[in-house]
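Notes follow the structure.
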Amino acid sequence: MKISFVRGAYLNNFEGQNYALPITGYSSLFPLDANVPFPLVKLPSIADLQKPPFLNKPIKYIANRTLGDSQILFGLENYIRGSDIVHVADPHYYYSYQAARLKAEGAIK
0 MKISFVRGAY
10 LNNFEGQNYA
20 LPITGYSSLF
30 PLDANVPFPL
40 VKLPSIADLQ
50 KPPFLNKPIK
60 YIANRTLGDS
70 QILFGLENYI
80 RGSDIVHVAD
90 PHYYYSYQAA
100 RLKAEGAIK
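Mapping of the sequence shown onto our numbering: residues 0 to 108, in sequence order.
Spelled out as structure tokens, the structure:
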């Protein structure tokens with residue numbers, strides 16, 4: 000069984016420690032906490048560019064108005080395709096939309 004745990008920049012050990020089944024985490028290049036007890040795949044995200052404080056608001060503003068959200072995970076579809084379960088954080092993040100599109104295509108269960 001392939002279980003994908005998608006959290007983008009907000010991946011953290013607090014949530015990750017609660018799962019007994021074998022999962023794979025998907026985050027941005029700089030998640031809140033990379034010390035998780037499961038395999039982690041880091042993907043580039045616009046959220047990674049927001050680390051310098053002076054760029055945070057302009058980048059988030061532009062991303063939200065062009066892409067819909069700065070939490071896009073580039074290449075996520077290639078990794079979670081074929082998953083039996085995909086657990087995302089909230090429906091308003093772009094990576095949730097990426098997973099929903101794959102579900103609609105029948106690429107994930």
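Positions of the beta carbon are idealized from the N, C-alpha and C atoms, including for glycine. Treat the numbers as computed from the prediction; the structure is a model and nothing was measured.
Taking the continuous beta strand (DSSP E) assigned at residue 108, which residues delimit it? Premise fails: residue 108 is in no beta strand (DSSP E) and is neither H nor E.
For residue 23, list the residues DSSP reports as bridge partners. 3
Beta-carbon proximity of residue 16 to residue 35, cut-off 9 Å: yes
Can you pull the DSSP bridge partners for residue 56? Bridge partners of residue 56: none, in fact.
Are residue 31 and residue 9 close, meaning C-beta to C-beta below 9 Å? yes
Reduced DSSP category for residue 72 - H, G, I as helix; E, B as strand; rest coil: strand
Between the CA atoms of residue 65 and residue 12 - distance to the nearest angstrom: 31 Å
Take residue 87 and list the residues in its own chain whose beta-carbon comes closer than 7 Å to its own, dropping the five residues that flank it on each side. 5, 94, 95 and 98
Taking the alpha-carbon positions, what's the residue 14 to residue 81 distance? 23 Å
Run the CB neighbour count on residue 24, radius 10 Å, all protein chains shown included, and call it buried at 16 or more, exposed below. buried
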